[in-house]
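*Asks:* Below are the structure tokens for one structure; questions will follow.
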Amino acid sequence: MIPLSILELGRVRQGSDRRTALNDARKYAQHAERLGYKRIWVAEHHNMPGVTTAATAIVIGHIAAGTNTIRVGSGGIMLPNHAPYIIAEQFGTLEALFPGRIDLGLGRAPGTDQMTLRALRRDPANAEKFPQDVQELQAYLAPKDAAQQIEAVPGSGSNVPIWILGSSLFGAQLAAMLGLPYGFASHFAPQALYQALEVYRMNFKPSAQLDKPYAMVGVNVIAADTDKEARYLATSQQMSFTDLFRGTRGLMQPPIEDIETYWSPQEKAQAGQMLDCSVIGSHETVQNGLQNLIEKTEADELMIVSDIFDTPKRQRSIEITAQAMA
């Protein structure tokens, strides 16, 4: 069995609140830890009422403090939104508090809209400096050089593992050039998955962190005791994606019996394209679907997204997934 990991969005559900979402994320990580999942990452998103992981480093600390062995990290930090030095200090602090358990996944998208990007006081052109910023961050996390005048404290010498995340060939090329592990965001943008993995593996150059390519593939998994129940539970995520197209940013909604009454044919096609890398069903369906994905991608690890409204059903989903892949 290849390692299974989890991406956590800190969803705020209708009828609930933000504090509950953050505490549920911690309980979810504890459950995943008991089931043997390798890591749980949180994603940086801004100006989204239904997502509570904007202050990503703080949420990582909250989750890590409630767990013991599972790795906790960012999936990812949107580096153009931050000075590399600040991220080195933040993740160096996390590594000092939770040694050997912190991951630093990096992306170059803003993780928000252009208006919010201005509120972050960041220049959209910062994305063009992403490769240089990654290397600067690596330097701050490495042991301090004798001639180095600026040191990240904590941070220097922590060597927090860095990952490059993306949904295009750019991230694949950069991860290969720097010899870093690569995570593809196929859970919402699967179109370039196979081409990106090929580019990454063909061009990989060994580094001090990694001697051979290591690729993680994101996949939506909605697992339940029956295929019918899983399809029902999946409607919450389908409605969330539909609302994104409509520009409606609200809280996560409970599932509905007939998704066809919610979206238009065009919205269905858009959501279907973004959610194409999904496995929805019972133990057997999930087992077959994930094995097929692993065979096609030769993934070294899967990053599971189980975007389900009901917390016990969500925990049950990752139980079934773990059992299916055991």
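With my numbering as the guide, the letters of the sequence shown map in order to residues 35 to 360. We put the beta carbon where it would ideally sit given N, CA and C, even for glycine.
Decide if the region 139 to 159 is in contact with the region 182 to 194; the criterion is three or more beta carbon pairs, one per stretch, under 8 Å apart.
*Replies:* no
*Asks:* Determine whether the beta carbon atoms of Val233 and Leu327 lie at a separation below 9 Å.
*Replies:* No, the Cβ-Cβ distance between Val233 and Leu327 is not below 9 Å.
*Asks:* If you draw a straight line from the C-alpha of Ala242 to the C-alpha of Ser270, how long is it?
*Replies:* 43 Å
*Asks:* Could you check if Tyr228 is buried or exposed, using at least 16 other CB atoms within 10 Å of its CB as the buried criterion?
*Replies:* exposed
*Asks:* Is the region 124 to 142 close to the region 91 to 111, with three or more CB pairs under 8 Å?
*Replies:* At 8 Å Cβ cutoff, the stretches touch.
*Asks:* Along the beta strand (DSSP E) that carries Leu327, what are the first and last residues, could you check?
*Replies:* Where Leu327 is concerned, there is no enclosing beta strand (DSSP E), although the alpha helix (DSSP H) it sits in stretches over His317 to Thr331.
*Asks:* Just grab the DSSP bridge partners of Ser108 for me.
*Replies:* Val76 and Leu138
*Asks:* What's the gap between the Cα of Ile342 and the Cα of Thr295?
*Replies:* 19 Å
*Asks:* Assuming Met337 is part of the beta strand (DSSP E), what are its boundary residues?
*Replies:* Glu335 to Val339
*Asks:* My guess is that Glu123 and Val76 are in contact by the Cβ rule of under 8 Å, so how many angstroms apart are they, rounded?
*Replies:* Not a contact, Cβ separation roughly 18 Å.
*Asks:* In its own chain, which residues sit with a C-beta less than 7 Å from the C-beta of Phe275, not counting the 5 before and 5 after it?
*Replies:* Ala305, Met308 and Leu309
*Asks:* From this set, Arg350, Leu278 and Ala360, which residue's C-alpha is nearest His65's C-alpha?
*Replies:* Arg350
*Asks:* Please give me, in chain order, every unbroken run of the beta strand (DSSP E) with length at least 3 that falls completely inside the region 131 to 191.
*Replies:* Segments of the beta strand (DSSP E) lying fully in the region 131 to 191: 136 to 141.
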